[in-house]
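Asks:
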Amino acid sequence: MALTSLIGQHKLKTILAQEARHRHAGTYILTGAKGMGKHSFAEEFAKALMCEDPDDDGACGKCSCCNYFEGGTTPDIVRVDAPSDGKMIPVADVREKIVADSVVKPQFSRNKVFIINMDYVAEAGQNALLKSIEEPPANVAFILLSSLSGNVLDTVLSRSEVLKISRYTEEEVYDVLRLRQAPGDEDTLRTICSYCGGNPGRALAMTSDDSYISLNREVTDLLLGLGSDSYTDILTDGSAFFADNKKDADIIIEIIFKVLGDILMYNVYPDREAATETAAKIRKFALENRHINSVAIGRCKAAVTEFVKMISVNTNYDGACCALMIKIHEEFKK
Ligand SMILES: [Zn+2]
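Residues 388 to 721 (my numbering) make up the sequence shown, in order.
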């Protein structure tokens, strides 16, 4: 395994390989939502930092450091993750397992590496870390992982090199699903890839949950029907759907963006083939509704963005849903 064995994130991989080759101490923070692969990237980066002779692909996989790493016997990597009780990591543990241990030199590897899940380090723990991460001892690197924005103190961020894991392309998510042998036929997997928000972990979770497949179908049908629905339909059936699926609002938003994007694509490229059953339905709709052009789709997307803003500040959810559906109805109706 090497950095290049991980799917996607080409820019990040280049940076990590360069850092591993040229740096001997440092503090990095890998940010990205749950499911984006922070742990996998941290492990490969750690291995490259520990390796005697890393190259552009990351760790060499041949030296004694790599062998120790792969054998799982090296004391030179310290992983501080969520406690089994799900609570925060006690400050005493931060001092003992990280601060005190970081002054102990690496035994078998080029560098000693600490991988710390910052989602479980509270403010006091983060403050206890400040001095260590500001000037790590020689041959010590800290890789901090954060999935919750706003959780890491500014004083920690300013002392770290912040590396963001960005959204994966649909094709990359598809490759991850295939690699992990996710259950489901081609059509199902492609559908999931298109509305997982570029998050492979979320896509994997969806493959084992049929309700997401039906949610995609329901949202698509709701959206495509909005143009011909009356206000009464929208305010009753449409509202009821949004209310019933409030917990999945973020996924519904992804699906709406995806469907809007697909309508526009078939409007501009009517000959483009539809790969899935849902895509075929959207294509048929787009060809029958040529008035829904880039201007109309632009206004619909602005309405969705407005909707996201409204629900993020806890505006009346039902009201925001109705406003969104009515705006789309205005653009879609003939
Ligand atoms: Zn090596």
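Even for Gly, the Cβ is constructed at its ideal location relative to N, Cα and C.
As the structure is a prediction and not an experimental result, all values here were calculated from the model.
Taking the alpha-carbon of GLU558 as reference, which of LEU576, TYR704 and ARG546 has the nearest alpha-carbon?
Replies: Answer by Cα proximity: LEU576.
Asks: With a threshold of 16 other CB atoms inside 10 Å of the CB of THR578, please say whether the residue is buried or exposed.
Replies: Label assigned to THR578: buried.
Asks: Alpha carbon to alpha carbon, how far is MET593 from VAL486? Give it in angstroms, no decimals.
Replies: Looking at the two C-alpha atoms, the distance is approximately 39 Å.
Asks: State the Cα-Cα distance for the pair CYS452 and ASN514, rounded to the nearest angstrom.
Replies: The alpha-carbon atoms of CYS452 and ASN514 are separated by roughly 32 Å.
Asks: Got a sec? Which residues, its chain only, sit under 8 Å from LEU591 by beta carbon, not counting five neighbours each side?
Replies: Hits under 8 Å: GLY422, VAL563, LEU564, ARG567 and ALA569.
Asks: Please list the terminal residues of the continuous beta strand (DSSP E) segment that includes VAL549.
Replies: Start and end: 548-551.
Asks: Using a threshold of 8 Å, state whether the C-beta atoms of LEU602 and ILE650 are closer than that.
Replies: Not in contact: LEU602 and ILE650 (Cβ atoms no closer than 8 Å).
Asks: Considering Cα atoms alone, identify which of PRO462, ASP463 and SER392 is closest to PHE428.
Replies: Measuring from the Cα of PHE428, the nearest candidate turns out to be SER392.
Asks: Can you name the residues that DSSP bridges to GLY445?
Replies: Bridge partners of GLY445: ASP442.
Asks: Do you know whose CA, among VAL543, LEU711 and ALA630, lies nearest PHE644's CA?
Replies: Of the candidates VAL543, LEU711 and ALA630, the one whose C-alpha sits nearest the C-alpha of PHE644 is LEU711.
Asks: In the DSSP assignment, find the beta strand (DSSP E) that holds LEU417 and state where it starts and stops.
Replies: Its beta strand (DSSP E) spans residues 413-418.
Asks: Quick check on the burial criterion: 16 or more other C-beta atoms within 10 angstroms. Buried or exposed for ASP463?
Replies: Classification for ASP463: buried.
Asks: When we look at the beta-carbon of LYS449 and count the other beta-carbons within 10 Å, is it buried (16 or more) or exposed?
Replies: It is exposed - the Cβ of LYS449 has fewer than 16 other Cβ atoms within 10 Å.
Asks: Three or more C-beta pairs closer than 8 Å, one from the segment 488-501 and one from the segment 430-441: is that the case here?
Replies: With the cut-off at 8 Å, the segment 488-501 and the segment 430-441 touch.
Asks: Is ALA569 helix, strand or coil when you go by DSSP?
Replies: Three-state DSSP puts ALA569 in coil, outside helix and strand.
Asks: Between the alpha carbons of GLU664 and PRO587, how many angstroms are there, rounded?
Replies: Whole-angstrom Cα-Cα distance: 22 Å.
Asks: Which value, in whole angstroms, describes the spacing of the CA atoms of GLY424 and SER533?
Replies: Cα to Cα, the separation comes out at about 11 Å.
Asks: Between which two residues does the beta strand (DSSP E) containing LYS671 stretch?
Replies: That residue, LYS671, is in no beta strand (DSSP E); its alpha helix (DSSP H) goes 664-675.
Asks: Exposed or buried, which one is HIS716 when buried takes at least 16 other CB atoms within 10 Å?
Replies: When all chains shown are included, HIS716 counts as buried.
Asks: Near PHE629, what residues of its chain come up, given a Cβ to Cβ distance below 6 Å and the 5 sequence neighbours on each side ignored?
Replies: Here the set comprises CYS708.
Asks: Would you say the beta carbon of GLU457 is closer than 7 Å to some non-hydrogen atom of ligand 1?
Replies: No, Cβ of GLU457 sits at least 7 Å from all heavy atoms of ligand 1.
Asks: What separation, rounded to the nearest whole angstrom, lies between the Cα atoms of LEU535 and ASP506?
Replies: Using only the alpha carbons, I get a separation of about 7 Å.
Asks: Going by the C-beta, is LYS499 closer than 7 Å to any heavy atom of ligand 1?
Replies: Checking every heavy atom of ligand 1 against the Cβ of LYS499, none is found closer than 7 Å.
Asks: Leaving out five residues before and five after SER547 in sequence, what residues of the same chain have Cβ atoms less than 7 Å from its Cβ?
Replies: For SER547, where only same-chain residues beyond five positions count, the Cβ hits under 7 Å are THR414, TYR415, ILE416, ILE520 and LEU531.
Asks: When the cut-off is 8 Å and only beta carbons count, does LEU535 lie next to chain C?
Replies: Absent from the structure: chain C. Only one protein chain is present.
Asks: Cβ-heavy atom distance between GLU431 and ligand 1 below 7 Å?
Replies: No; taking the cut-off as 7 Å, the Cβ of GLU431 has no heavy atom of ligand 1 nearer than that.
Asks: Buried or exposed, going by whether 16 or more other CB atoms sit within 10 Å of the CB of GLN405?
Replies: Exposed, since its Cβ has fewer than 16 Cβ neighbours within 10 Å.
Asks: Rounded to the nearest angstrom, what separates ASN538 and CYS583 at their Cα positions?
Replies: For ASN538 and CYS583, the distance between alpha carbons rounds to 24 Å.
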